[in-house]
Structures are given as structure tokens and as C-alpha cells.
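Numbering (the numbering used here), first residue to last: 64 to 430.
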Amino acid sequence: MENIEDLQNRLLAEIAAAADLKALDETRVAALGKKGCITEKMKGLGALPVEEKIAAGKKLNLLKTAVENAVEKRKNELETLELNRRLAEESIDVTLPVRPETQGRIHPVSKIYEEVVAIFGEMGFEVAEGPDIEDQFHNFNALNMPADHPARQMQDTFYIPNPDSADFDDSYVVRTHTSPVQIRTMENKKPPIRIIAPGRTYRSDYDATHTPMFHQVEGLVIDKTTTMAHLKGCLYDFVRAFFEVDNIKVRYRPSYFPFTEPSAEMDIGCKKGKDELKIGEGNDWLEILGCGMVHPKVLAAGGIDPDEYQGFAFGVGLDRLAMLKYGIPDLRTFFESDLRWLKHYGFVPLDESSMTGGLSNNGGLAR
Ligand code: DAH
């Protein structure tokens with residue numbers, strides 16, 4: 064009869080050679096099942112004299128443990144192999160060209176987002192992000208809007224109670240603009256800083272040009288010698304690339320924002336017809352964005368020494384840019400999830416926006 068050592072060698076070899084989970088289980092049952100060879104041997108122990116019984120019992124227990132461990136190990140191996148095989152078999156080649164009849168469309172806001180990132184990316188800006196739910200320090204105070212500042216009322220804010228404090232000043236807000244990302248960036252990064260921060264913003268407002276959730280992109284440049292001239296050149300290049308009009312007319316109007324000094328609004332030239340808006344030329348003006356030199360108090364709040372550094376900032380409404388560029392009259396329709404609307408105003412997927420490959424890819428416009 065096969066001795067225990069031979070049996071163990073045979074069983075371990077069979078287990079290691081089991082080609083799949085089914086074969087492995089058959090080997091396991093043949094050894095450890097009700098009628099398995101190890102089980103049979105264990106049953107046979109009763110007939111042995113006492114001293115032999117103890118020694119043989121020990122050996123059988125060791126054998127049993129060795130076989131159980133080997134089965135477990137092989138099972139893990141086979142499961143990993145099986146998973147890898149399935150992963151390889153079921154993978155999708157995402158580089159395959161989209162079939163022309165593809166139904167999906169890129170939302171105009173996503174398209175504008177990509178275009179803006181492509182333009183500023185080319186100029187060396189990084190994309191920064193911040194949370195949608197902000198504290199009042201980042202959304203207001205650090206931006207030179209203390210609690211009693213009238214500008215707070217301009218921004219019909221949604222407040223969120225703070226579960227840890229009944230004090231209203233501790234309540235959170237859903238950010239009313241992307242400007243808090245300026246502060247978060249200054250807190251985490253040393254100058255030179257050159258970032259844009261696109262994202263969602265929220266205000267309690269609802270009509271053809273306002274929705275409670277909308278999108279902005281913030282820009283921030285800080286260095287030792289950054290001036291208003293850099294601001295003007297940077298934003299001129301931006302609108303020129305964005306509207307794809309080489310000699311676009313622009314002007315800067317003095318304005319007021321608490322977080323910049325001096326502050327300006329940038330207008331672009333346009334021609335307003337009865338049912339048409341032509342951008343870039345003509346004798347009318349269209350307000351496009353707010354901008355200015357970062358207020359020294361804002362630099363200080365972000366932990367940057369205003370005696371050493373200066374910079375500029377700007378804020379643009381992304382949805383408004385989409386409405387202007389792609390002639391979409393009502394902002395509310397952006398967020399109604401109407402597939403007919405998306406089919407009309409959306410963009411064919413994979414028409415990537417880039418400065419070299421074409422920004423808006425009008426050929427890809429799904430109309
Ligand atoms: N945060 C302003 C708003 O929501 C937009 C803005 C204006 C941002 C001027 C800026 C800026 O950074 O310099 O209305």
C-alpha cells in the first residue's frame with residue numbers, strides 16, 4: 064500500500080498540476096471527501112493499537128493540513144489566472160474610431176470647458192480645482208469681502224448649516240464663484256502661479272440667462288513683476304483664440320470687484336442684428352469677463368507677501384461663453400437633460416479641441 068509520504072507527494076503534484084477549478088475540486092474530493100483516500104485512512108485508525116494510532120494520527124493530520132493548504136494555494140492561483148484571462152478577453156479598445164452613427168453627444172458646456180483648457184494650457188496655465196461646498200473664509204472673507212460687505216448681497220448665496228456650530232458665520236456655502244480656488248491655490252503653492260480653475264458655481268437666480276447652478280473659470284497669475292499689461296495681453300489672446308477671430312475688437316472698462324484693485328471688465332466688439340449677433344467687429348460691445356490686479360489683502364489672506372509679489376486674476380462665465388459662441392439663446396435649456404436639445408446643440412465625441420487641431424471643430428458640430 065502507498066505510504067503516507069508517497070501519498071502526499073502524489074496528491075501535492077496532482078494539485079499543482081490541476082488545470083482548472085473543476086479538476087482541482089475533483090482532486091480535493093478524491094483526497095478529503097467523504098470517501099477520499101485521506102478520509103479512508105483516518106477511518107482505519109480505529110483498528111490500530113494505541114501507540115501506533117497516536118503516531119499515525121499525527122502523520123495523517125499533517126498530511127491533511129498540507130493537502131488543504133496546497134488546494135487553497137492552487138485555488139487562488141487558478142482564480143487569478145481566470146480573472147486575467149477574462150480581463151484580457153473582455154477589454155475594449157477605446158482607441159477604435161467611433162462609429163459614425165454614434166448617438167452620444169458632448170454637451171456644449173463640456174465642449175467650452177475643453178476649449179478654454181486647451182487655450183490656457185497652451186499658454187502654460189495649470190488646471191486647479193476646489194470644493195463646491197466652501198467655508199465663508201474662502202468664498203468671501205479671504206477675497207476681501209468681510210461679513211458686512213455689501214458685495215455679499217450681490218451674490219444670492221445658498222448657505223448650508225454647519226452641524227458643529229449654530230453661529231451663522233460658521234455656516235458653509237455652495238461656492239458663489241470660482242474665486243475661492245485662488246485662495247486655496249495660494250495656500251498650497253508658492254509663486255510663480257499660473258492657474259485656471261474651471262468648475263460649478265451656485266447662486267439663487269433663475270431666468271433666461273441665470274440658473275442656480277452654472278459654470279465659471281477663474282484665472283490667477285502671480286509673480287514678482289506681473290502687471291496689468293500682462294493681463295491685457297493674456298486675455299486678448301484668449302478671446303482671439305476662443306472666438307476664432309484674429310483681429311477681434313476689445314476694450315477694458317474700469318469696474319469694481321472687492322478682490323482686485325484696479326478692476327476692469329473686458330468687452331468684445333460685436334454687431335447686434337435683429338436675429339443675429341456677429342462677434343469681433345461692429346460698433347456694439349458685449350461684456351465678456353471681470354478681471355483686475357489681485358488686491359494686496361487677498362494676497363496676504365492667501366499667505367503671499369504683497370510687498371514681494373503681485374498678479375492678476377479674472378473670472379468668466381463658461382455657460383455664457385457657450386451661449387455666445389454657439390448661439391444658444393436660453394441658459395435654462397442647458398440643464399434640462401432634453402436629448403433632442405443635446406442632439407441639436409451637442410458635439411460629436413472625439414472631435415478633440417486643441418490649438419493645433421482646431422478649437423471648436425465646427426465640422427463636428429452635430430447639426
Ligand atoms: N468672481 C467674480 C464673479 O463671480 C468674477 C471675477 C471678477 C473673478 C474679477 C475675478 C476677477 O478673479 O478678477 O462675479
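Here a beta-carbon is modelled for each residue, glycine too, at the ideal position from N, C-alpha and C.
- Taking the Cβ atoms as the reference, L405 lies roughly 18 Å from R162, outside the contact range of under 8 Å.
- In this structure the region 379-395 touches the region 277-284; the number of beta carbon pairs closer than 8 Å is three or more.
- In the DSSP annotation of this structure, the continuous segment of the beta strand (DSSP E) that includes P317 starts and ends at V313 to F320.
- In the DSSP annotation of this structure, the continuous segment of the beta strand (DSSP E) that includes V284 starts and ends at M276 to D286.
- Counting of Cβ neighbours within 10 angstroms places R91 among the buried residues, the total reaching 16 or more.
- In this structure the region 324-331 lies against the region 344-362, because at least three pairs of beta carbons, one per stretch, are closer than 8 Å.
- Annotated three-state conformation of L352 is strand, per DSSP.
- Secondary structure remark: continuous alpha helix (DSSP H) runs of at least 4 residues inside the region 228-309, in chain order: 243-251 and 291-306.
- Remark: the shortest separation between the CB of E192 and any heavy atom of the ligand DAH does not fall under 7 Å.
- With 16 or more neighbouring CB atoms inside 10 Å of its own CB, G262 falls in the buried class.
- A contact between stretches requires three or more CB pairs, one per stretch, nearer than 8 Å, and the region 360-369 meets this requirement with the region 201-214.
- Relative to E307, the option among I285, S242, A133 and I182 whose CA is nearest is I182.
- The alpha-carbon separation between L75 and A133 amounts to approximately 7 Å.
- Relative to the ligand DAH, G167 has its C-beta separated by 7 Å or more from all heavy atoms.
- Take the alpha-carbon of S154 and the one of R148: they are about 10 Å apart.
- The three-state reading of DSSP puts F200 in helix, counting H, G and I together.
- Residue burial annotation: L144 is exposed, with fewer than 16 other C-beta atoms found within 10 angstroms of its C-beta.
- Take T264, set aside five residues on each side of it, and the residues of its chain with a beta-carbon closer than 7 Å to its own are R238, T239, H240, T241, F277, H278 and Q279, in chain order.
- For F322, same chain residues with a beta-carbon under 8 Å away, outside a window of 5 residues either side, are L206, N207, M208, S242, Q245, G355, V357, H358, V361 and A376 in chain order.
- V236 and D198 have their C-alpha atoms roughly 6 Å apart.
- Around the beta-carbon of E77, 16 or more other beta-carbon atoms lie within 10 Å, marking it buried.
- An exposed status is given to P112, since fewer than 16 other beta-carbon atoms sit within 10 Å of its beta-carbon.
- Annotation for T248: A191, I256, I258 and L283 place their beta carbon closer than 7 Å to its own, counting only its chain and skipping 5 residues before and after.
- A check of alpha carbon separations from C297 across F188, G421 and V157 identifies F188 as the nearest.
- For K341, the number of other beta carbons within 10 angstroms of its own is below 16, and it is reported as exposed.
- The Cβ-Cβ distance between A385 and I196 does not fall below 8 Å.
- When C-alpha distances from L95 are compared across T128, K116 and A118, the shortest belongs to T128.
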